[in-house]
Structure formats: structure tokens, C-alpha cells
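Here the structure comes first, spelled out in C-alpha cells, and everything after it is commentary.
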Amino acid sequence: MEKIAFADIVSETLLINLYFRSKENEEARPILKDEFSGDVVSRIDYDFAKFDRSTLSRVGTVIRARFFDDCILKFTREHPDAVIVQVGAGLDTRPLRLAPLCPEATFYDLDLPDVIALRDKLVPKAPRNYSLPCSMLETAWMDELARKHAGEEFVFVLEGVSMFFEKPIFREFFLNLAARFSGLVLVDLLNDFATKMNTRKHDTLKFMKEEVKIKMGIAGADEVEAWDKERIKCLEIGTMMNMYKHRWGLVGRAMSWIKPFREACRMFVFALGKRG
4 MEKIAFADIV
14 SETLLINLYF
24 RSKENEEARP
34 ILKDEFSGDV
44 VSRIDYDFAK
54 FDRSTLSRVG
64 TVIRARFFDD
74 CILKFTREHP
84 DAVIVQVGAG
94 LDTRPLRLAP
104 LCPEATFYDL
114 DLPDVIALRD
124 KLVPKAPRNY
134 SLPCSMLETA
144 WMDELARKHA
154 GEEFVFVLEG
164 VSMFFEKPIF
174 REFFLNLAAR
184 FSGLVLVDLL
194 NDFATKMNTR
204 KHDTLKFMKE
214 EVKIKMGIAG
224 ADEVEAWDKE
234 RIKCLEIGTM
244 MNMYKHRWGL
254 VGRAMSWIKP
264 FREACRMFVF
274 ALGKRG
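Residue numbers for the sequence shown follow my numbering, so the first one is 4 and each next one is one higher.
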């Protein structure tokens with residue numbers, strides 16, 4: 004088994020998403036079918052069991068993954084040769100899940116070098132699937148992909164990533180994408196209410212060995228669109244607490260009636276590219 008150590012606590016959170024996907028696949032009627040994550044979990048020496056009671060986070064994690072998968076599949080029906088870039092890919096198995104359904108698409112997995120080194124050990128490569136070991140905040144990788152795939156449509160997936168960045172830094176990253184690419188950004192964003200939450204009381208983050216800092220909240224799609232009204236447009240918002248209500252349990256269903264809780268974390272589909 005692989006004994007792993009991460010350079011920072013944020014990188015360690017990638018194990019949470021991996022484990023929740025593997026557990027969901029054991030359900031009789033899973034929201035997300037992912038037979039690959041369980042294989043990866045079985046090869047890692049880590050105390051995953053501490054997350055077993057984190058019901059709300061698990062349901063939210065797999066709803067988010069399913070929503071983004073569906074968005075990508077819908078997009079590739081119109082753009083079969085789209086370029087899918089997982090930003091902060093961690094140990095996500097999306098290329099393995101989707102490659103059979105969109106065989107002409109190209110997948111890139113971007114993360115910090117230590118995470119990509121671990122990923123390359125543990126996660127098999129899908130066809131047309133490549134690694135990018137670098138910081139998402141650099142622009143050299145953007146320029147290289149824009150040159151290599153000139154004229155092609157892109158989908159950038161940021162799953163469980165945005166909240167760990169200060170807003171000015173994330174805004175600059177988003178604008179760098181908008182200046183170079185045409186396509187979509189799929190991202191989950193917390194509202195301001197959620198950023199005030201004590202992560203030591205969060206049903207999953209409280210189990211991390213160090214406190215995880217949540218740094219950014221967004222008022223809504225209008226705030227992001229205002230960063231560049233010519234190149235950024237919100238196409239869709241997914242409210243996860245309104246989806247698969249039978250899976251949320253009594254507490255989750257009660258929270259869904261209260262707007263700040265219901266909209267604490269939503270999934271956004273933004274279009275990139277000049278309109279006109």
C-alpha cells in the first residue's frame with residue numbers, strides 16, 4: 004500500500020472526494036457510478052474510515068461529480084474533440100469514467116507536482132489523457148494548451164478547488180482563462196455564509212489533522228460575470244440540495260428550506276469567449 008504525505012493540508016483533502024466516490028459506488032442505486040475509485044482507495048495507507056459518518060458531504064460530493072460529468076458529456080456531443088482540463092485534479096477518475104463515452108475528447112489532469120506524481124502511480128491513464136504537473140496559477144500551461152489546441156473548445160473543471168484561494172487570486176486565474184480560451188468553466192462556489200463556517204465543525208474537514216482555511220465566498224453568478232462581461236457568461240446554476248432529495252436525510256432536507264444553507268455551495272457553468 005502507498006503511504007503518502009502531502010506538502011500542505013489542502014492537497015490532503017483530495018482523499019475525501021476519492022473515498023466518497025468509492026463508497027457511493029457500493030450503493031444499490033448510486034448517484035455516480037465509479038468503479039475505479041475503489042481500486043485507488045485500496046492501494047492507499049490512510050485512515051479513510053474517519054469519514055464514514057460524513058453523510059452530507061458525501062452526498063454533495065457525488066452530486067457535484069455527477070453534475071459536472073453530465074455537463075461534459077452534453078458539451079462533447081456538440082464538440083466531440085473538446086479538450087477537458089481538470090484543474091486541481093487530485094486523484095479524480097473522471098477521464099476513466101468519461102473517455103469511453105467521448106472517445107475523441109482529450110483530457111488533461113493539472114495539479115501540483117507532488118500530487119501528479121502520486122496520481123501517476125495510482126490512477127491508470129485513459130486514452131488521450133495527459134498530466135500537467137504545475138500550479139494552476141501559472142500561465143505557461145495555458146499558453147501551451149492554447150497553442151497546441153488552437154481553434155478547439157475547452158472545458159475547465161474546478162471541483163472542490165475555488166474555496167481555497169483568496170478572491171483576487173482566483174479572479175486573476177479566471178480572467179487568464181477568459182483571455183485565452185473558448186468553452187466552459189465548471190466550478191463549485193461557496194456563498195459568503197459558508198465562508199464564515201468554522202471548519203472544525205464541518206462534518207468532514209473537522210477530521211483533518213490541521214485546520215483547513217476557507218478563503219473565498221461569491222455572492223452569485225453576477226459577481227463572476229462582472230469580472231469580464233464580454234468573455235464570461237453564466238449558463239446554468241446547479242443547487243445540489245435541490246437534487247436527489249431522497250439521499251439527503253432529514254437534516255439535509257430541513258437545511259434545503261433555508262436559503263443560506265441551500266445555496267451554501269452551488270455548481271456553476273460559465274461560458275468563456277467573446278460574445279457577439
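Ideal Cβ placement from N, Cα and C applies to all residues, glycine included.
Per DSSP, Ile261 lies in no alpha helix (DSSP H) segment and is marked neither H nor E. Exposure of Leu238 is indicated by the presence of fewer than 16 other C-beta atoms within 10 angstroms of its C-beta. Rounded to the nearest angstrom, the gap between the Cα atoms of Phe23 and Ala31 is 15 Å.
Secondary structure at Asp95: coil, using DSSP grouped into helix, strand and coil. When beta bridges are read from the DSSP output, Ser134 appears opposite Asp112.
The Cβ atoms of Met270 and Asp191 lie closer than 7 Å to each other.
Rounded to whole angstroms, the gap between the alpha carbons of Asn194 and Glu228 is 15 Å. According to DSSP, Gly241 shares a beta bridge with Met270. Check the Cα spacing between Phe184 and each of Lys277, Ala68 and Lys216: the tightest is with Lys277.
Val62 and Leu189 have their C-alpha atoms spaced approximately 19 Å apart.
About 4 Å separates the CB atoms of Leu35 and Val65; that is less than 8 Å, so the two are in contact. In the three-state reduction of the DSSP assignment, Leu193 falls in the strand class, which pools E and B. Annotation: the continuous alpha helix (DSSP H) that includes Val227 extends over Ala224 to Glu228.
Taking all protein chains shown into account, Gly93 has 16 or more neighbouring C-beta atoms within 10 Å of its C-beta and is therefore buried.
Pro83 is a Cβ neighbour of Glu107, given a cutoff of 7 Å. With contact defined as three or more Cβ pairs closer than 8 Å, the stretch 88-103 and the stretch 53-62 are not in contact.
Under the 8 Å Cβ criterion, the stretch 156-175 does not count as touching the stretch 250-264, having fewer than three qualifying pairs. Around the beta-carbon of Pro98, 16 or more other beta-carbon atoms lie within 10 Å, marking it buried.
Between the C-alpha atoms of Ala143 and Arg122 there is a straight-line separation of about 21 Å. Assigned with DSSP and collapsed to three states, Val44 falls in helix. With respect to the 7 Å criterion, Leu148 and Leu104 are not classified as neighbours on the basis of their beta carbons.
C-alpha of Asn179 to C-alpha of Ser134: approximately 20 Å in a straight line. Counting the other CB atoms within 10 Å of its CB gives Ile172 a total below 16, which places it among the exposed residues. If you check the CB distance, Leu115 and Val43 do not come in under 7 Å. Residue nearest to Phe39 within the set Ser25, Arg46, Pro33 and Phe51 is Ser25 (criterion: CA-CA distance). The beta carbon of Cys74 is closer than 8 Å to those of Val158, Leu187, Leu189, Glu239 and Val272 in its chain, skipping five residues each way along the sequence. Between the C-alpha atoms of Leu253 and Gly241 there is a straight-line separation of about 21 Å.
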